[in-house]
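Protein chains in written order, with numbering that gives the first Met the number 0: chain S, 0 to 202; chain A, 0 to 202.
All C-beta atoms, glycine included, are put in the ideal place defined by N, C-alpha and C.
Protein chains: 2
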Amino acid sequence: MSDAAPDTPEAIMDATDSALCEHGYADLTMQDIADASDKSTAALHYHFDTKEELLLAFLDHLYEEFTDEYATTEGENAVERLVGFVDDVLCRGDIEGDEAFQTALLEIKAQAPYADPYREKLAQFDAFVRDRVEEIVADGVAEGTVRADVDPADTAAFIATLIDGVNTRRVTIGETDGGTRRTFLAYVRDHLVAAGADVEVEP
Amino acid sequence: MSDAAPDTPEAIMDATDSALCEHGYADLTMQDIADASDKSTAALHYHFDTKEELLLAFLDHLYEEFTDEYATTEGENAVERLVGFVDDVLCRGDIEGDEAFQTALLEIKAQAPYADPYREKLAQFDAFVRDRVEEIVADGVAEGTVRADVDPADTAAFIATLIDGVNTRRVTIGETDGGTRRTFLAYVRDHLVAAGADVEVEP
Chain S
0 MSDAAPDTPE AIMDATDSAL CEHGYADLTM QDIADASDKS TAALHYHFDT
50 KEELLLAFLD HLYEEFTDEY ATTEGENAVE RLVGFVDDVL CRGDIEGDEA
100 FQTALLEIKA QAPYADPYRE KLAQFDAFVR DRVEEIVADG VAEGTVRADV
150 DPADTAAFIA TLIDGVNTRR VTIGETDGGT RRTFLAYVRD HLVAAGADVE
200 VEP
Chain A
0 MSDAAPDTPE AIMDATDSAL CEHGYADLTM QDIADASDKS TAALHYHFDT
50 KEELLLAFLD HLYEEFTDEY ATTEGENAVE RLVGFVDDVL CRGDIEGDEA
100 FQTALLEIKA QAPYADPYRE KLAQFDAFVR DRVEEIVADG VAEGTVRADV
150 DPADTAAFIA TLIDGVNTRR VTIGETDGGT RRTFLAYVRD HLVAAGADVE
200 VEP
């Protein structure tokens, strides 16, 4: 049992995270989540009627954490901040340890067409990523490190698609070799960085 | 009932396709597939012991169709063939009609970490796409339409990742607006096409 009172929303979210990583989404039951929190299912049902409701609250919780963590990015210029943001979002530090979580998330993504509330939450995550990238790229155009003819919104959609691709491949074929990152850096260097800008894009 | 004898492998594959698109993967039963073929589950079980075995045969069948269909691509030069190949693989002609199938496929992809045989088949699809792109890009370097410093294998991995991203987003957030294609064309134009090559990259 964790230190937090296990029927607080925070403790339920931690238990949901553990249970999802252990069992995956498809087979997950309220009992699994109760077991991960050392509590009864009755305590969970006090807060959430169904597994879907609990999972929606969990996606909300992830969204809060995600947007807090990635609201700002360090870097000397916009290009460095862009590469740093993409690395952060892709959890470069723990790309293999993250597999169980990414698998559960992909299962939830695949349920989106059957469940509008899931799709709405996932669209919020996506809008956050695109907004952040668009903002960083626009900063780069303004400061002269990114080419003036680069469209920030188009670039943001492109990079969000790449991120989704990397996350899908990590689950589907177990690809964690970072090959896409190398080509992403080449894309940034050749396609985004303004001619003559004093910017280093290094692995 | 279709014209083909409904217990032939081909008819079972057609029924599997229909049933997957109607019910999705998670809820799919042998009975659903039998219903779609107007046959008994006993007829299916004569060929396949479990739903997983049948689905593996279905993935094999898709792989045969896919690799037959996309083994060659028309185009005046390698750049045109590359854009044509990506468009073909993304089923541009019917990007919305394709949603039910893509949803079922993403459900299967999310099961890959739990089922090695699924992962192996999916890795075969991916290897085919990467090999084709690598071959086309290498042709482009040889004929002078693609920049000499472009790495065909890295570019192939990058494009395979983009394709996975587009397919995931189609299912997850219902994105079918083609915005990524526009940026992909800009990437091809700015990053791949050799300086001075007589190549048009137009939407």
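Worksheet entry | Assumed close pair A:LEU89, A:VAL165 - CB separation to whole angstroms, cut-off 8 Å | Residue numbering aside, residue 89 of chain A sits at position 90 when the second sequence is read from its first letter. Residue numbering aside, residue 165 of chain A sits at position 166 when the second sequence is read from its first letter. So it is a contact: roughly 6 Å between Cβ atoms.
Worksheet item: Do the region 96-106 of chain S and the region 100-114 of chain A make contact, defined as three or more Cβ pairs closer than 8 Å?
Response: Under the 8 Å Cβ criterion, the region 96-106 of chain S counts as touching the region 100-114 of chain A, having at least three qualifying pairs.
Worksheet item: To the nearest whole angstrom, what separates the beta carbons of A:ALA194 and A:VAL145, a pair I think is in contact under 8 Å?
Response: The count along the second sequence starts at 1 and reaches residue 194 of chain A at position 195. The count along the second sequence starts at 1 and reaches residue 145 of chain A at position 146. Approximately 11 Å separates the beta-carbon atoms of A:ALA194 and A:VAL145; this is outside 8 Å, ruling out the contact.
Worksheet item: Rounded to a whole number of angstroms, what is the C-alpha to C-alpha distance between S:PRO112 and A:GLU73?
Response: Reading the first sequence from its first residue, position 113 is the one you call residue 112 of chain S. Reading the second sequence from its first residue, position 74 is the one you call residue 73 of chain A. Roughly 34 Å separates the two Cα atoms.
Item to complete: Output yes or no for whether 8 Å exceeds the beta carbon distance between S:ILE172 and A:ARG118.
Response: Mapped onto the first sequence, residue 172 of chain S falls at position 173. Mapped onto the second sequence, residue 118 of chain A falls at position 119. Against a cut-off of 8 Å, the Cβ pair of A:ARG118 and S:ILE172 comes out as a contact.
Practice prompt. At 3 residues or longer, and completely inside the region 2-31 of chain A: list those beta strand (DSSP E) runs for me, N to C.
Written response: You should have found no qualifying run.
Worksheet item: By the criterion of Cβ-Cβ separation under 8 Å, what are the contact partners of A:ARG131 in chain S?
Response: If you number the second sequence from 1, residue 131 of chain A lands on position 132. Within chain S, no residue comes near A:ARG131; the closest Cβ sits about 16 Å away, beyond 8 Å.
Discussion item. Using C-beta distances below 6 Å, list every residue in its chain close to A:PRO116, excluding the 5 sequence neighbours before and after it, in chain order.
Written reply: By one-based count along the second sequence, residue 116 of chain A stands at place 117. Beyond the five residues adjoining it in sequence on each side, A:PRO116 comes within less than 6 Å, by CB distance, of LEU55 in the same chain, given in chain order.
Item to complete: Kindly indicate if chain A contains any beta-carbon less than 8 Å away from that of S:TYR69.
Response: Here residue 69 of chain S corresponds to residue number 70 of the first sequence, with the count starting at 1. S:TYR69 does not count as touching chain A.
Worksheet item: In terms of alpha-carbon separation, which member of S:ASP13, S:ASP48, S:ALA185, S:GLU51 lies closest to S:ASP34?
Response: On the first sequence, residue 34 of chain S is found 35 positions in, with the first residue counted as 1. Selected option, being the one with the closest Cα: S:ASP13.
Worksheet item: Taking just the CA atoms, how far does A:TYR69 sit from A:ASP87?
Response: Working through the second sequence from its first residue, we reach residue 87 of chain A at position 88. Working through the second sequence from its first residue, we reach residue 69 of chain A at position 70. When rounded, the separation of the alpha-carbon atoms in A:ASP87 and A:TYR69 is 8 Å.
Worksheet entry | Bridge-paired residues (DSSP) for S:VAL88 | Residue numbering aside, residue 88 of chain S sits at position 89 when the first sequence is read from its first letter. Answer is none; S:VAL88 lacks a bridge partner.
Worksheet item: Quick one: is A:LEU61 near chain S, going by C-beta distance under 8 Å?
Response: Working through the second sequence from its first residue, we reach residue 61 of chain A at position 62. At least 8 Å separates the CB of A:LEU61 from every CB of chain S.
Discussion item. Can you give me the C-alpha to C-alpha distance between A:VAL136 and A:ASP48, rounded to a whole angstrom?
Written reply: For the purposes of this step, residue 136 of chain A is identified with residue 137 of the second sequence, where counting begins at 1. For the purposes of this step, residue 48 of chain A is identified with residue 49 of the second sequence, where counting begins at 1. Straight-line measurement puts the Cα of A:ASP48 at about 43 Å from the Cα of A:VAL136.
Worksheet item: Using the beta-carbon of each residue, which ones in chain D are nearer than 8 Å to A:GLY74?
Response: This model lacks chain D altogether, as its protein chains are S and A.
Discussion item. Which residue wins for smallest C-alpha separation from A:VAL198, given the options A:ARG80, A:PHE84, A:GLN30?
Written reply: Reading the second sequence from its first residue, position 199 is the one you call residue 198 of chain A. Closest by alpha carbon: A:ARG80.
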